[in-house]
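Novice: First the structure, then my questions, so here it is.
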Amino acid sequence: MRIDGRTKLAGVVGWPIDRTLSPAMHNAVYEALELNWVYLPLSVPDQRGLVRLVDAVRSLSFVGFNVTMPYKQAILPLCDEVAMFAQMADAVNTVHWVDGTLVGYNTDGRGLIDALKTEVGFDPAGKSAVIIGAGGAAGAAVVGLIVGKAASVTLVNRSVERAEAVVERMRPYLRGVAAAALRLDRTAREAVQSADLVINATPVGMVDGDPSPVPPEWLHEGQVICDMIYQRPETDLMRVARDAGATVMGGLPMLVEQGALAIEIWSGTSQLKVPRDVMRRAAEDALARPALAENER
Ligand code: NAP
18 MRIDGRTKLA GVVGWPIDRT LSPAMHNAVY EALELNWVYL PLSVPDQRGL
68 VRLVDAVRSL SFVGFNVTMP YKQAILPLCD EVAMFAQMAD AVNTVHWVDG
118 TLVGYNTDGR GLIDALKTEV GFDPAGKSAV IIGAGGAAGA AVVGLIVGKA
168 ASVTLVNRSV ERAEAVVERM RPYLRGVAAA ALRLDRTARE AVQSADLVIN
218 ATPVGMVDGD PSPVPPEWLH EGQVICDMIY QRPETDLMRV ARDAGATVMG
268 GLPMLVEQGA LAIEIWSGTS QLKVPRDVMR RAAEDALARP ALAENER
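Sequential numbering from 18 applies to the sequence shown in this note's numbering.
What follows is the structure in structure tokens.
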């Protein structure tokens with residue numbers, strides 16, 4: 018990797034950040050594209066640190082940065098402008114530093130939809146979807162499904178009030194998509210069973226031994242099951258869905274897509290085509306490294 022006086026900076030802001038795959042994924046593709054950029058983990062322990070980081074970005078040669086847990090909402094008021102999809106999701110995962118302005122975007126929703134199309138050939142247009150969870154990732158998934166013209170989206174969450182709040186927030190943007198909120202218990206059975214697409218947008222499955230967030234008997238052939246978790250090659254949800262004959266996608270293709278879309282934004286041109294395969298390989302290699310595997314335990 019070339020680092021010189023013209024090298025531009027990028028990175029990912031979060032806490033904790035020790036398990037991030039993004040530096041491996043981004044630096045590999047910058048090299049492949051001969052971009053004189055470097056991508057760093059930007060470990061920020063608290064809100065004060067986030068404000069200081071944003072100040073630093075404004076005076077350094079950043080192209081932008083990604084934002085991960087727990088700052089996807091906290092970054093919103095620190096941006097000068099927030100793009101429509103990020104406003105809808107109420108979360109920013111990509112910030113572009115351009116012409117003295119910090120512009121917040123959310124590439125998770127489109128990343129999810131693009132990954133579903135390329136990885137498992139699923140187009141959400143006219144389809145019914147259930148999202149388990151009601152946090153930032155679930156909000157971004159709702160945005161992706163609205164843009165992808167899904168027929169219906171049901172948010173199923175442990176605390177149903179949070180799911181209801183997301184549906185209310187999305188109401189002005191729904192464009193004819195039917196939206197509902199349910200509690201994550203037996204009342205969600207019919208919605209999950211009749212859904213074409215079921216997405217896990219909770220961290221349940223991240224740790225070895227975590228059970229599937231929905232009972233295996235609710236899943237069946239003909240459904241697409243997507244687990245946003247990317248730290249493990251197969252979660253319990255993915256295993257039981259596969260056993261039930263469903264089509265299964267893990268979180269890695271979405272992680273790669275949202276990262277590639279961020280690079281396309283930072284490049285400032287629609288001409289740059291980011292090779293997803295390079296990013297995917299680098300992420301898989303990083304996941305296979307013992308240090309990350311140890312962290313997982
Ligand atoms: P978040 O804002 O903290 O939301 C977490 C959600 O999970 C909430 O709805 C929460 O329910 C639910 N939840 C947490 N623990 C639970 C449990 N034990 N049982 C049932 N529900 C539980 O997190 P987020 O940012 O949305 O991220 C969610 C997941 O998506 C994470 O695993 C993250 O790594 C993943 N993700 C992946 C990608 C990708 O590119 N593949 C992108 C973004 C996020 P309550 O509201 O009841 O607390």
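Backbone N, C-alpha and C fix where the C-beta goes; we use that ideal spot for every residue, glycine too.
Could you tell me which of Leu119, Arg200 and Ile216 sits nearest to alanine 157, measuring between CA atoms?
Specialist: The residue with the shortest Cα to Cα distance from alanine 157 is Ile216.
Novice: Rounded to whole angstroms, what is the Cα-Cα separation between alanine 168 and proline 33?
Specialist: 37 Å
Novice: Is the closest heavy atom of ligand 1 to the C-beta of alanine 142 under 7 Å?
Specialist: no
Novice: Is it right to say alanine 310 is buried, meaning 16 or more other beta carbons lie within 10 angstroms of its own, or is it exposed?
Specialist: Reliability fails at alanine 310, whose pLDDT of 42 lies under 50, so the model's placement of it is uncertain and the value that follows must be treated cautiously. Exposed is the call here.
Novice: Would the stretch 215-234 and the stretch 191-200 be scored as touching if the rule is three or more Cβ pairs under 8 Å?
Specialist: no
Novice: Mind checking who valine 80 pairs with in its DSSP beta bridge?
Specialist: DSSP lists no partner for valine 80.
Novice: If we ignore side chains and look at the alpha-carbon of each, how far apart do glycine 138 and glutamate 98 end up?
Specialist: 34 Å
Novice: For arginine 206, is the beta carbon positioned less than 7 Å from some heavy atom of ligand 1?
Specialist: no
Novice: Locate the beta strand (DSSP E) running through tryptophan 32, then write down its first and last residues.
Specialist: Careful: tryptophan 32 lies outside any beta strand (DSSP E) and carries neither H nor E.
Novice: Can you give the Cα-Cα distance for glycine 22 and asparagine 53, rounded to whole angstroms?
Specialist: Separation of glycine 22 and asparagine 53 (C-alpha to C-alpha, rounded to the nearest whole angstrom) is 10 Å.
Novice: Measure how close the beta-carbons of alanine 100 and valine 120 come, nearest whole angstrom, since I'm counting them as under 8 Å.
Specialist: 7 Å
Novice: Taking aspartate 244 as part of the beta strand (DSSP E), name the residues at either end of that continuous run.
Specialist: 241-244
Novice: How would you write the range of the alpha helix (DSSP H) that histidine 43 sits in, first residue to last?
Specialist: 39-50
Novice: How long is the line joining the alpha carbons of glycine 267 and leucine 214, rounded to whole angstroms?
Specialist: 13 Å
Novice: Valine 109 and cysteine 96: beta carbons closer than 8 Å?
Specialist: yes
Novice: In the DSSP assignment, find the unbroken beta strand (DSSP E) run with glycine 121 in it and report its ends.
Specialist: 118-122
Novice: Taking 7 Å as the cut-off, does the CB of lysine 89 come closer than this to any heavy atom belonging to ligand 1?
Specialist: Within the cutoff, so yes.
Novice: Can you list, in chain order, the residues of its chain whose CB lies under 7 Å from that of methionine 296, leaving out five sequence neighbours each side?
Specialist: Met42, Ala45, Val46, Val273, Gly276 and Ala277
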